[in-house]
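Numbering (my numbering), first residue to last: 311 to 621.
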Ligand SMILES: [Zn+2]
């Protein structure tokens, strides 16, 4: 069975100011790497609707983002916070990044390929209900989680966040909705400064694992296996969503962890095995960070390869 790649060509049109690491070259690098894999089934994303965005975001947030894009001068940028800038074409990129995750949920719920990877940017996991943050406009994975719960009537959805930064926006969802289990493995201290160990959300539906700068990939693997997988199995989600950031890679300029390409294949296999065991094999991954383009492409390809079959 193949992995579904949900591609958002609008990702290429969201240009950013010089020296911003979250640039269109990231999308191109992942796209090139995934095209070299055999066995993927490619489809294009759709645009998210306002109603779908507003399951997570406030109407004011959606309006602020879209009107800032519309107000940007031709070829110029409108700054929404210190590192989150938009231009006119950013609206389509943001709507399609969220729409890719929605489309992926629709497809895995319909059968056919049960594992999907969303090839889209900007990332989403820092976006809070009423706030853009850290390159993120709309929180694709949170919007996808609510789509699975509301449109399909599921009772439990898990979000596993392997980006090197804490998924503060996604944790906001778990803190208000106990149908969502959220687990993040991230470096601390590091941007955005949230995500302490010991935070438990509602009845234990939040699990944060923090890693000091320069922690080994062996420790990351060990803690994922010993701490995340058993709690995930107890929660028994009906679909697993992954915030697939690749900035915990040893080559990444923003993170200080030491994951290798092989670690991304390993963790994909572990999550796939969990999905097979209790989530009807349903697994939707969404591209988040990763800022060394060659390593980003290799790591994403290793991750998608790891989704093909459980180890
Ligand atoms: Zn990140």
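Quick reminder that beta carbons are idealized off the backbone N, C-alpha and C, glycines included.
For the segment 478–566, the full-length alpha helix (DSSP H) segments reaching 4 residues or more read 478–486, 527–533 and 539–545 along the chain. Boundaries cannot be given for residue 326, as no alpha helix (DSSP H) includes it and DSSP labels it neither H nor E. Exclusion of residue 332 from the 7 Å shell around ligand 1 follows from its C-beta lying no nearer than that to any non-hydrogen atom of the ligand. Close CB contacts of residue 562 within its chain, under the 6 Å cut and outside five residues either way in sequence, are with 601 and 602 (chain order). Look at residue 474 here: in three-state DSSP terms it is coil, with no helix or strand label. Shortest gap from the CB of residue 598 to any heavy atom of ligand 1: under 7 Å. The beta-carbon distance between residue 426 and residue 577, rounded to whole angstroms, is 16 Å. This is too long to meet the 8 Å contact definition. Annotation: the continuous beta strand (DSSP E) that includes residue 593 extends over 593–597.
For secondary structure counted as the alpha helix (DSSP H) over 4 or more consecutive residues, the segment 320–380 holds these complete runs in sequence order: 334–345 and 360–363.
Comparing alpha carbon positions, the residue from 434, 399, 343 and 377 closest to residue 478 is 434. With a cut-off of 7 Å, the C-beta of residue 475 is classified as near ligand 1, since at least one heavy atom of the ligand falls inside that distance.
With a cutoff of 7 Å, residue 434 does not count as near ligand 1, since its C-beta is closer than that to no heavy atom of the ligand.
Three or more pairs of CB atoms, one per stretch, sit closer than 8 Å, so the segment 539–556 contacts the segment 447–460. In this structure residue 354 is not in contact with residue 412, their Cβ atoms being roughly 13 Å apart against a cut-off of 8 Å. The shortest C-alpha to C-alpha distance from residue 540 to any of 497, 585, 596 and 383 is the one to 585. Beta-bridge partners assigned by DSSP to residue 438: 441. DSSP, reduced to helix, strand and coil, places residue 390 within a strand of the structure shown. The alpha carbon of residue 537 has as its nearest neighbour, out of 492, 482 and 589, the alpha carbon of 492.
DSSP places residue 586 within a helical segment (H, G or I) once states are collapsed to three.
Taking a C-beta distance under 8 Å as the contact criterion, residue 424 and residue 591 qualify as a contact pair.
In the structure shown, the three-state DSSP call for residue 613 is helix. Rounded to whole angstroms, the separation of the alpha carbons of residue 430 and residue 386 is 22 Å.
Its chain contains 452 and 490 as the residues whose beta carbon lies nearer than 6 Å to that of residue 483, once the 5 sequence neighbours on both sides are disregarded; these appear in chain order. Per DSSP, residue 382 lies in no beta strand (DSSP E) and is assigned neither H nor E.
For residue 555, the shortest C-beta to heavy atom distance toward ligand 1 is below 7 Å.
For residue 416, there is no enclosing beta strand (DSSP E); the residue is part of the alpha helix (DSSP H) that begins and ends at 400–419. With contacts defined by Cβ atoms closer than 8 Å, residue 480 and residue 472 do not form a contacting pair. The alpha-carbon of residue 475 is positioned some 11 Å away from that of residue 567. Collapsing the DSSP output to three states places residue 569 in a strand.
Membership of residue 452 in the alpha helix (DSSP H) is indicated by the continuous run 450–462.
Cβ atoms of residue 495 and residue 519 come within 8 Å of each other, at about 5 Å. Its chain contains 527 and 560 as the residues whose beta carbon lies nearer than 7 Å to that of residue 570, once the 5 sequence neighbours on both sides are disregarded; these appear in chain order. For residue 428, the enclosing beta strand (DSSP E) has its first and last residue at 425–429.
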